[in-house]
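Numbering (my numbering), first residue to last: 1007 to 1303. Note that CB positions come from ideal geometry on N, CA and C, so glycine has one too. Structure first, then comments.
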Amino acid sequence: MFLGSLKRHGVQPAEAVPDVVPILIELGARTDMVPRDTVHHYCTWNPIDERRRMYTGDQQENHLQESVRMVFPHLRAGLELCDLLGAFEPADPKFAVLTDALNGELRWMAESIDLVLAKVSPVFFARILRPYFEEIDVGERTYLGPAAAQVPLWLIDQAIWASDRSEPGYEEFLRDSVPYSLPRWRELYDTWVSCPSAVTRLLDAFGSDPHEAGPALTSSAAAIARMLRTVIIFRGRHLGIARQAYKEEVRLYSVGSGGASIDLLHDIITLTRENAQLMKTATEQRSADPETRGASA
Ligand code: HEM
C-alpha cells in the first residue's frame, strides 16, 4: 500500500528508499510471486475487519475490493474444473456436467460487476482510485499495480478457447498477466498454452458433418455455449463501466492498471462471442437435422 501511495504522489518508491529493492526481491522469491503487491494482496489477503487496508478509506473502495474478493474462490474452483475437463472426451456425458459446474462458478463474475455498478461510481474509480494502481520500478523491471484484470478469467479463456483461437493482442495481454498470478495457475497456463482448447476439441469431434454428432457431444457444445454466454454477460456489463471510467472527459490515464485499453476489452468480448456462436451453430445444425430429430423422438 505504501508503494502504491508513494507512486500516486509522484515518487518512485525504489528511488526514495533504495533499500526496499532487495527486500521486495527476497519476498517475491520466497512467495514465488512478483516482487510487489498484486490483486491477491489488495483484495483476497487483505483483512476484512477494521484492519482492512485501503488507499482512500472511502466505502466505494471497500465495495470494489469486495467485488473482486468474492470471485476468487469461484474462479479457483472453475480452474480446477477446466483442468478436469481436459481429461474427458467431448463426447463423454461428463463433459457437459463439468462445463455446467464451471458455468455455476462463473455466474459470480456477473454478481461481482453488478455490485460495482450499484456501489462504485466510474468517476470515483477514474479520478480517485485509479492513480493508486500505477506501475512501479523494482530493480531493473517495471511491475503493474494490483489490477482486477489479474483475476484469472483469462486463464479460463485459455482452457476453453484462447489457447488456439485467440488473437495477438489478447495473447500478449495473457502473457503479461501470467507473472502476477499464483504458482498453481502459472503451472496450468504452461500446460494449457500448447494444448488444443475445449472449443477446438469439440469442433474436431463434430468433424466435417455436425449432423452425425451424438447427443452427448451436442450437449457438451450446448454447455460450452451456455458457459460462454455467462462470460459475455460479465464482459458486456464490465465493458459498460470501463467505457464510462475511461472516456476522455473523465479519465486520467488512457489505459487500465493492467496495461490494456478499452479497445482490447472490446476485442476480447468479440472473440468470446465468436466462440460461443461456433458452439451454438454446431448444436443447431444437429437439432435441425430431421433424421436426428426422428431418432431422438
Ligand atoms: C470501476 C470498475 C472497473 C473498471 C473501470 C475496470 C476497467 C478495466 C479495464 C480498463 C480493463 C483493461 C485491462 C487493464 O486493466 O488494463 C479491465 C480488465 C479486466 N477487468 Fe476490470 N474494471 C473494473 C472492475 C472490475 C471488476 C469488479 C472485475 C471482476 C472481478 C474486473 C475484472 C476484469 C477482468 C477479468 C479484466 C480482463 C479482461 C477480460 O477478461 O475481459 N474488473 N478492467
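Residue range of the unbroken alpha helix (DSSP H) whose run includes residue i
i        : result
Asp-1143 : That residue, Asp-1143, is in no alpha helix (DSSP H); its beta strand (DSSP E) goes 1142 to 1144.
Thr-1195 : Residue identity differs from the one stated: residue 1195 is Tyr in this sequence, not Thr. Unbroken alpha helix (DSSP H) run through Tyr-1195: 1189 to 1198.
Pro-1174 : 1174 to 1183
Ile-1238 : 1221 to 1251
Gly-1034 : 1026 to 1037
Phe-1212 : 1204 to 1212
Pro-1019 : 1019 to 1022
Phe-1008 : 1008 to 1014
Asp-1308 : Residue 1308 lies beyond the range of the chain shown here (1007 to 1303); nothing can be said about it.
Range of the contiguous beta strand (DSSP E) that encloses residue i
i        : result
Arg-1147 : 1147 to 1149
Best match in the options for proximity to residue i [C-alpha to C-alpha]
i        : options                                : result
Leu-1258 : Phe-1139, Ala-1168, Ile-1029, Phe-1212 : Phe-1139
Arg-1014 : Val-1027, Thr-1062, Thr-1037, Val-1045 : Thr-1062
Ser-1073 : Phe-1240, Ile-1274, Leu-1271           : Phe-1240
Leu-1135 : Val-1256, Ala-1083, Ser-1169, Ala-1229 : Val-1256
Pro-1099 : Ala-1227, Arg-1279, Arg-1133, Leu-1194 : Ala-1227
Pro-1053 : Gly-1010, Arg-1036, Arg-1042, Gln-1071 : Gln-1071
Phe-1094 : Asp-1064, Leu-1223, Ser-1172           : Leu-1223
Phe-1008 : Asp-1038, Thr-1037, Leu-1033, Arg-1042 : Arg-1042
Pro-1185 : Thr-1037, Lys-1125, Ala-1022           : Thr-1037
Trp-1114 : Ile-1162, Thr-1236, Ala-1124           : Thr-1236
Ile-1230 : Gln-1018, Tyr-1048, Gly-1110, Met-1060 : Gly-1110
Thr-1197 : Val-1023, Cys-1088, Thr-1044, Gly-1010 : Cys-1088
Arg-1192 : Gln-1164, Asp-1215, Ser-1263, Ser-1203 : Gln-1164
Arg-1292 : Glu-1280, Phe-1212, Gly-1242           : Phe-1212
Glu-1177 : Leu-1188, Gly-1092, Ser-1200           : Ser-1200
Glu-1280 : Tyr-1048, Met-1039, Trp-1051, Glu-1173 : Glu-1173
Leu-1161 : Arg-1133, Val-1144, Arg-1190, Ile-1142 : Arg-1190
Asp-1269 : Ala-1116, Gly-1175, Ile-1166, Ala-1288 : Gly-1175
Ser-1304 : Met-1285, Ala-1248, Leu-1277           : Here the chain covers residues 1007 to 1303 and nothing more, so residue 1304 does not appear.
Val-1027 : Cys-1049, Ile-1142, Lys-1253           : Ile-1142
Leu-1188 : Pro-1024, Val-1103, Thr-1050           : Thr-1050
Arg-1207 : His-1046, Ile-1031, Pro-1079, Ala-1288 : Ala-1288
Buried or exposed (CB count within 10 angstroms, at least 16 for buried), residue i
i        : result
Leu-1209 : buried
His-1217 : exposed
Phe-1101 : buried
Phe-1179 : buried
Glu-1021 : exposed
Pro-1158 : buried
Gly-1151 : buried
Tyr-1067 : Residue identity check: residue 1067 is Glu in the sequence provided, not Tyr. Result: buried.
Gly-1016 : exposed
Gly-1262 : buried
Val-1129 : exposed
Arg-1147 : exposed
Ala-1154 : buried
Leu-1033 : exposed
Gly-1084 : buried
Sequence ranges, alpha helix (DSSP H) only - wholly within the segment 1045 to 1098, length at least 4: 1065 to 1075, 1078 to 1091
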